[in-house]
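Take a look at the structure below.
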Amino acid sequence: MDESAPLLKIENLNVRFSHRGKSVHALRGIDISFYKDEIHGLVGESGSGKTVTATSIMGLLPRPSAEIISGSVFYKGKNLLLMPEDELRTYRGRAISMVFQEPAKYLNPAFKIGGQIEEMVMLHMGLSKVAAKARARELLKLVGLGRDGRVLDAYPHELSSGMKQRAMIAIAISCNPDFLIADEPTTALDVTLQKQILKLIRTLKNIENMGVLFISHDLGVIREIADRISVIYAGKIVESAGKESLFNKPMHPYTRLLMLSIPDARHRGRKLATIPGQVLDATSTPEGCLFAPRCPLAEQRCFSLTPELVEHEKGHLAACHFAGKSWNL
Amino acid sequence: MQCRNIVKIHRGRGVEGERHGFRAVDNVSIEIERGRIFGLVGESGCGKTTLARAILYLDPPTSGSVLFDGVELGSLKPPMLRKYRKRMQIIFQDPHSALDPRMTVYDSLSEGLINIGVDKARRDKKIRELLDRVGISSTYSRRFPHEFSTGQRQRIVIARALTMDPEFLILDEPVSNLDVSIQAQIINLLMDLKKDLNLTYLFISHDLNLVSYMCDVVAVMFGGRIVEQAPTEALLAHPGHPYTRRLLASIPGGAGRF
Amino acid sequence: MDLARFIAKRLLRLVLTVLLISTIVFFVIRVIPGDPALLIAGIDATPSDIAAIRAKLGTDRPLSAQYFDFLWKVAHLDFGNSMISEEPVTALILQRFPLTLALAVLGMVIGTVIAIPIGILSAVKPWSAWDYVGLVMSQLGMAIPSFWLGIFLLLVFAVKIPIFPLFGAETLASLVLPAFSLGFARAAILLRHTRASMSEELSKEYIIAAKAKGLTDRMIKYKHALKNALLPIITVAGIEFGYMLGGAIIIEQVFSLPGLGRLFLYAIYQRDFPLIQGGVVFIAIVFSLVNFAADVLYSVVNPKIRLE
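Residue numbers (UniProt numbering), protein chains in the order written: chain A, 1 to 329; chain B, 1 to 258; chain C, 1 to 308.
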């Protein structure tokens, strides 16, 4: 296979949620390419569409409230969105796997950790019970829970939150997936634990050569973990670039404002930048740039002409009329 | 504001992790100068919140003393204690549970004022001023909490704390549940209020980066004890305790990132 | 907390419950107007006759002495002798109990067999035919009194179409109709609990995680959700079984079955105080034991024992 081709590619993904007659436009034409052996950070505020992006890839959008209006998710030349449920199921957990934010809720409380790994490798890889147990033991060792055999026979509630998250990661990578989605996997954890989990994910990526989609609201976490970063605002990718490029030279005013709104010890006493106005009402679909109403740079064309997500420098994409030009906030 | 040798022992109440006689706060002494922001940083379960509640005598400390403006709170009789407590207010992390869902903003804010016998005209004026001050249009004062966003609710909670004209505010993770852009607005608001109203803050957070941005002095809490305390610059430049160093190293993206 | 301590705690609670009920029963009976001695002696008894009966019953002694004597005997499962037949109360009860127990167990089995599968199916397939069947059944079960159902069943399946005996308790077949009348009402409640518990589990986050693992629909529903859903049902079933014992007493009347129910009813008619006392305390003990068993079973099956 061509090494430079994306492992997984999302094209023009539009997702709408309908609830009690109200229709919410959650994703408004998402384009992202994920590559093998790369951690792609997706950062955005709550309601921006981060988790919807992840669940769309997994085919886990809540039905019937969610509706995919257009778009495709290509994996190995196949559009996952058009795949029948039975076939898609064989990809989930096997080729594409997911780690969730709150391990306490996403692990089944009634089954032992070992069993939760075993059932998966038995189903997807056809291992025998004995081989599955050996695999579970090996995986727990890999995620740093192997010091004693205890975790294998432990129920989730017997583990600390850090251990639970490690266990969930072990489950997710149990079938050597090509692609791992981690949705805010460290948000519920203390900072020192967060550091360890981030390190673990990086190590595992290196061992397994997986592509990783790492979702977070925290630019600091994203900076720590990601190789490449996409910024999502109101269901649209506004900027996507390599880590250094993004932090050194953000091209979208939203990205820049996000960075400036983070308190930093070096700038004690200096006022934080704020983003004026409210997040776009997801029920409306305005013309032009979605960030324009809050953007300090906005001019007339921003309200009528939709900026496309285009490459301005090598590997640095932005959807802004001012991208590639010099500006100051 | 002074705390001397505060100890808080939880008598096993069956709450997870709290063993019998667990020392949640172990011999903590801090001194907060008027007009300063004192930062208290630590991870979950380190005793930050327990200490805050002990300082306000919401959960009186098992031993030790709290001096506020030179007066020992433990020696006060309940009516006097209530009087002193008005001058000290606390703001919690979760603005959703802090506001009664069945009370309008106006009712929430006037409750305390009615208690201390402020007449209606002065009450209305004060509520209007405070809501404007925290950036909530006073035309919204008849609305209920659920009609506001999380950030707006936190503003309302702040306004409610200010109705008592406090001198000292304990801010317990006040921005932890907020998106960064909203967080920035609340932090700016808190900084402005401090300056304009000459407030003193005890700022509690798990986020060392945020604490160092906000505070003049930082105390690092671990296992119920203060393991290190220093002016912010000194702490960042020369962290003495291994735990402080670990916390610093754990700041995602590294300290001084943006 | 370990299981042994948990069991010890529950046992203590059981003992306290029985003690409390014994105390209530003892005092309530003595507060109710009507001196049993007078009743037994009849209208033309002399005062000395009455005094003799009182002495025999022990009701001439101070109340506290009677009370502690009563408790001491309860601890030994000795409820004294029936005032009417003069046989030991314990023997009378144990003689009748097997039939009532069999009725309750059979009722429980019928109730469970109806309730759990339909409850699960209606949660798994909401708004399906199963869900409607479940809904109608639980409404009917709660609305129809079990004695009415019993009479109805008798009319249909013993009189019109005589497949079951009209009365008597000689064969297992004779227990089917009463057990069904008993089980149907309890099934309604069990069904509702099962449905609610199952739908709650199906909406939990770990179900999404199970889908993300690529597990089959069958595994997700009947392995992951079901195990969690059945845990609270054990407790409900325990309580239901207790009620079943109580309900059996009425049903025994309808079907003329010589169980505990008839024994106690006679005891009440005839103010056979020792028998009433013994009966209530006995039922309380059985009820507590069943709940105790359900609690222990629950904590054994549930890895996440939530204690107090």
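C-beta atoms are modelled at their ideal positions from N, C-alpha and C, and glycine is treated no differently.
Since this is a predicted model, take the numbers as computed values, not measurements.
- [ ] Can you give me the Cβ contacts of Pro296 of chain A inside the same chain, cut-off strictly under 7 Å, excluding the 5 residues immediately before and after it?
- [x] Excluding residues within five positions, the ones whose Cβ falls inside 7 Å are Pro253 and Leu329.
- [ ] Report the neighbours of Gly253 of chain B on chain A: residues whose CB is nearer than 8 Å to its CB, in chain order.
- [x] Under the 8 Å cutoff, chain A gives Leu219, Gly220, Val221, Ile222, Arg223 and Glu224.
Open item on the list: So Leu215 of chain C contacts chain A; which residues on that side make the cut at Cβ distance below 9 Å?
Closed with: Correct list: Arg89, Arg92, Gly93, Glu119, Met120 and Leu123.
Open item on the list: At the level of alpha carbons, what is the spacing between Leu11 of chain C and Val290 of chain C?
Closed with: Near 12 Å, if we compare the C-alpha coordinates of Val290 of chain C and Leu11 of chain C.
- [ ] Can you pull the chain B residues whose beta carbon is under 8 Å from the beta carbon of Asp190 of chain A, in chain order?
- [x] Near Asp190 of chain A (Cβ distances below 8 Å), the residues of chain B are Glu43, Ser44 and His206.
- [ ] Buried or exposed for Leu197 of chain B, please, with buried defined as at least 16 other CB atoms from any protein chain shown within 10 angstroms of its CB.
- [x] Flag for Leu197 of chain B reads exposed.
Task: Short CB-CB distance (under 8 Å) between Thr274 of chain A and chain B - done: For Thr274 of chain A, the nearest beta carbon of chain B is closer than 8 Å to its own beta carbon.
TODO: Starting from the beta carbon of Ser46 of chain A, find every residue of chain D whose beta carbon is closer than 8 Å, and list them in chain order.
DONE: Chain labels in this structure do not include chain D; the protein chains are A, B and C.
Open item on the list: Classify Met108 of chain C: buried if its beta carbon has 16 or more other beta carbons within 10 angstroms, exposed otherwise.
Closed with: With 16 or more Cβ atoms within 10 Å of its Cβ, Met108 of chain C is classed as buried.
Task: Ala212 of chain C versus A:Leu60, A:Ser4 and A:Ile10, residue with shortest Cα-Cα distance - done: Comparing Cα-Cα distances from Ala212 of chain C to each of A:Leu60, A:Ser4 and A:Ile10, the minimum goes to A:Leu60.
Task: 7 Å Cβ cut-off: residues of chain B touching Ala234 of chain A - done: The CB of Ala234 of chain A never comes closer than 7 Å to any CB in chain B; the least such distance is about 13 Å.
Open item on the list: I need the boundaries of the beta strand (DSSP E) containing His312 of chain A, first residue and last residue.
Closed with: Under the DSSP assignment, His312 of chain A falls in the beta strand (DSSP E) whose first and last residues are Val310 to Glu313.
Task: Listed by chain order, chain B residues near Arg20 of chain A by CB distance under 8 Å - done: Ordered by position in chain B, no residue passes the 8 Å Cβ test against Arg20 of chain A, which lies about 16 Å from the chain.
- [ ] Give a yes or no on whether the minimum CB-CB distance between Ala182 of chain A and chain C is below 8 Å.
- [x] Ala182 of chain A does not count as touching chain C.
Open item on the list: Taking the alpha helix (DSSP H) that Tyr57 of chain B belongs to, which residues open and close that run?
Closed with: In the DSSP annotation of this structure, Tyr57 of chain B is not part of any alpha helix (DSSP H), being labelled neither H nor E.
Open item on the list: Just to confirm, is the Cβ distance from Ile186 of chain B to Leu40 of chain B under 8 Å?
Closed with: No, Cβ-Cβ distance for Ile186 of chain B and Leu40 of chain B is not below 8 Å.
Task: Which of helix, strand or coil DSSP assigns to Glu158 of chain A - done: Assigned with DSSP and collapsed to three states, Glu158 of chain A falls in helix.
Open item on the list: Suppose contacts are defined by Cβ-Cβ distances below 8 Å. Is Ala52 of chain C in contact with Leu106 of chain C by that definition?
Closed with: No, the Cβ-Cβ distance between Ala52 of chain C and Leu106 of chain C is not below 8 Å.
Open item on the list: Would you say Lys205 of chain A lies against chain C (beta-carbon separation less than 8 Å)?
Closed with: For Lys205 of chain A, the answer is no, since every Cβ of chain C falls outside 8 Å of its Cβ.
TODO: For Ala110 of chain A, decide whether its Cβ has a neighbour in chain B, counting only Cβ atoms nearer than 8 Å.
DONE: Cβ-Cβ to chain B under 8 Å: no for Ala110 of chain A.
- [ ] Please confirm if Ala237 of chain C has its CB atom under 8 Å from at least one CB of chain A.
- [x] Output row for Ala237 of chain C: interface = no.
TODO: Verify the CB distance criterion: does Leu60 of chain A have a CB-CB separation below 8 Å to chain C?
DONE: Answer yes: the Cβ-Cβ gap between Leu60 of chain A and chain C drops below 8 Å somewhere.
Task: Length of the line joining the Cα atoms of Ala319 of chain A and Ala54 of chain A - done: Each residue's alpha carbon lies about 21 Å from the other.
TODO: Note down the Cα distance separating Ala134 of chain A from Lys325 of chain A, rounded to an integer number of angstroms.
DONE: Distance between the alpha carbons of Ala134 of chain A and Lys325 of chain A: 57 Å.
Open item on the list: Please confirm whether Leu107 of chain A has its beta-carbon closer than 8 Å to some beta-carbon of chain C.
Closed with: Taking Cβ atoms only, chain C reaches closer than 8 Å to Leu107 of chain A, which makes this a yes.
Open item on the list: Between the segment 77-84 of chain B and the segment 239-254 of chain B, can you find at least three pairs of beta-carbon atoms closer than 8 Å?
Closed with: These segments do not touch.
TODO: Tell me the start and end of each unbroken alpha helix (DSSP H) in the segment 223-260 of chain A that is at least 4 residues and wholly inside, in chain order.
DONE: List check, alpha helix (DSSP H) in window: 243-248 and 253-260.
Open item on the list: Taking 7 Å as the limit between beta carbons, can you name the residues of its chain near Arg34 of chain B, skipping five residues before and five after?
Closed with: Thr200, listed in sequence order.
Open item on the list: Would Lys112 of chain A and Ala172 of chain A be called neighbours here (beta carbons separated by less than 8 Å)?
Closed with: The answer is no: Cβ separation not under 8 Å.
Open item on the list: Restricting to Cα atoms, I'd like to know which of C:Tyr67, C:Gly58 and C:Lys56 is closest to Val25 of chain C.
Closed with: The shortest Cα separation from Val25 of chain C among C:Tyr67, C:Gly58 and C:Lys56 belongs to C:Tyr67.
- [ ] Have a look at Gly278 of chain C and Ala196 of chain C and give me their C-alpha separation to the nearest angstrom.
- [x] Distance between the alpha carbons of Gly278 of chain C and Ala196 of chain C: 38 Å.
- [ ] Please name the residue, chosen from A:His321, A:Ile237 and A:Ser46, that lies closest to Val180 of chain B on a Cα-to-Cα basis.
- [x] It is A:Ser46 whose Cα lies nearest to the Cα of Val180 of chain B.
Open item on the list: If you follow the alpha helix (DSSP H) that Lys141 of chain A is in, where does it begin and where does it stop?
Closed with: For Lys141 of chain A, the uninterrupted alpha helix (DSSP H) run begins and ends at Lys129 to Leu142, by DSSP.
- [ ] Using a Cβ-Cβ cut-off of 8 Å, state whether His76 of chain C counts as contacting chain A.
- [x] It does not: the Cβ of His76 of chain C has no partner Cβ on chain A nearer than 8 Å.
TODO: Say whether chain B places a C-beta atom closer than 8 Å to the C-beta of Ile262 of chain A.
DONE: Answer yes: the Cβ-Cβ gap between Ile262 of chain A and chain B drops below 8 Å somewhere.
Task: Span separating the alpha-carbon of Leu166 of chain C from that of Ile268 of chain C - done: Rounded to whole angstroms, Leu166 of chain C to Ile268 of chain C spans 26 Å at the Cα level.
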